[in-house]
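S.K.: Provided herewith is a single structure, encoded as structure tokens, for subsequent inquiry.
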Amino acid sequence: WYDALASLHSALGDRDGHAAVWKQRALHAETRRALALEQYGAWQAAQDAYAECMSRWQAGEMTLVNTPQPELALWEEGIVRSAKALNQWELLSEYAKAWPGSQPALLMECAWKSADWERLRDLFRR
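All residue numbers for the sequence shown refer to the numbering used here, where the first residue is 3 and numbers rise by one.
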């Protein structure tokens, strides 16, 4: 039920409620730290914390190996939210291009924010 409640808070735009649910649900202290940094508006530190979690998990660190899929998704979403807050549109565009079918809205947002009108027009045509 944590996932449903977190989704509800997220859909309503209630970042504090979303973070509060995740602070209860998160398996790792690193996740709670990244969420706190995000709540404080320390976007670069939050992005670094999420990226560190992902890289440690990918490296097979024993404390993070059994991370549940929803928490992995939270890390990925946290990196994207942080990049948006830091106006890292080129980074986000490259990320969205890596998953062409799954991120059309992000590709459009990146094109809009980067004033890449040709790409935006092409995306609308698809």
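No residue lacks a Cβ here, since even glycine has one placed at the ideal position from N, Cα and C. Since the model is a prediction, treat every value here as computed from it, not as a measurement.
Starting from L109, follow the alpha helix (DSSP H) in both directions and report where the run begins and ends.
M.R.: Counting from one through the sequence shown, the residue named residue 109 turns up at place 107. From DSSP, the alpha helix (DSSP H) with L109 extends over 106 to 115.
S.K.: Excluding five sequence neighbours on each side, which residues of the same chain lie with their C-beta closer than 7 Å to the C-beta of C112?
M.R.: Numbered from 1 along the sequence shown, position 110 holds the residue referred to as residue 112. Result list for C112: W91, L94, S95, A98, in chain order.
S.K.: Tell me whether the beta-carbon of W24 lies closer than 9 Å to the beta-carbon of R34.
M.R.: Working through the sequence shown from its first residue, we reach residue 24 at position 22. Working through the sequence shown from its first residue, we reach residue 34 at position 32. Yes, the pair counts as a contact, with Cβ atoms nearer than the cut-off.
S.K.: Measuring straight from C-alpha to C-alpha, what distance separates R128 and G103?
M.R.: For this step, residue 128 is matched to residue 126 along the sequence shown. For this step, residue 103 is matched to residue 101 along the sequence shown. Rounded to the nearest angstrom, the two C-alpha atoms are 11 Å apart.
S.K.: Which residues in the same chain as D5 place their Cβ atom closer than 7 Å to its Cβ, once the five residues preceding and following it in sequence are excluded?
M.R.: Residue numbering aside, residue 5 sits at position 3 when the sequence shown is read from its first letter. The answer, listed in chain order, is P72.
S.K.: Can you give me the C-alpha to C-alpha distance between A31 and Q105, rounded to a whole angstrom?
M.R.: Residue numbering aside, residue 31 sits at position 29 when the sequence shown is read from its first letter. Residue numbering aside, residue 105 sits at position 103 when the sequence shown is read from its first letter. Cα to Cα, the separation comes out at about 29 Å.
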